[in-house]
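Trainee: Quick one: this structure, given as structure tokens, is what I'll be asking you about.
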Amino acid sequence: MKNNLESGKISETKLSTEEKCEIQRRLIEEFCEIRKMTNAEQKNICALDWVGKYADNFDQLDKKLIEEYKGACDDEKREYILDKIQKQLENLNKKNG
Numbered sequence: 045m046k047n048n049l050e051s052g053k054i055s056e057t058k059l060s061t062e063e064k065c066e067i068q069r070r071l072i073e074e075f076c077e078i079r080k081m082t083n084a085e086q087k088n089i090c091a092l093d094w095v096g097k098y099a100d101n102f103d104q105l106d107k108k109l110i111e112e113y114k115g116a117c118d119d120e121k122r123e124y125i126l127d128k129i130q131k132q133l134e135n136l137n138k139k140n141g
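As structure tokens, then:
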């Protein structure tokens, strides 16, 4: 029984590949929308820009933010948390280069 509880804690704090990809996809979409990228070529360049700047720092994010995002009940709350995640990624990028 204890192993099941410990396994549950691990899955709560460790992000699955699918969850990580989903959050990154939404962040990239938001990033490109903010930059007003409209056609596919612009969006691809914008997505590559985001990946180049922020993907390396994704694993250093505050895990509480990730848990908040996973537990958000509605799109408005998720968008708010995505903004916080993006700001933290920007700060990590400044810090880590």
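Residue numbering for the sequence shown follows the working numbering, starting at 45 and increasing by one per position.
Quick reminder that beta carbons are idealized off the backbone N, C-alpha and C, glycines included.
Remember, predicted model here, so these are calculated numbers, not experimental data.
#1: Suppose contacts are defined by Cβ-Cβ distances below 8 Å. Is Leu109 in contact with Lys139 by that definition?
#2: Taking the alpha-carbon positions, what's the Leu126 to Gly115 distance?
#3: What is the DSSP secondary structure of Cys76, counted as helix, strand or coil?
#4: Within a Cβ cutoff of 8 Å, which residues of the same chain sit near Arg122, ignoring the five residues on either side of it in sequence?
#5: If we call anything under 8 Å between Cβ atoms a contact, is Leu105 one with Gln132?
Mentor: Here's the rundown:
#1: With respect to Lys139, Leu109 sits apart: the two C-beta atoms are not nearer than 8 Å.
#2: 13 Å
#3: Of the three classes helix, strand and coil, the one that applies to Cys76 here is helix, per DSSP.
#4: Arg70, Tyr113 and Ala116
#5: yes
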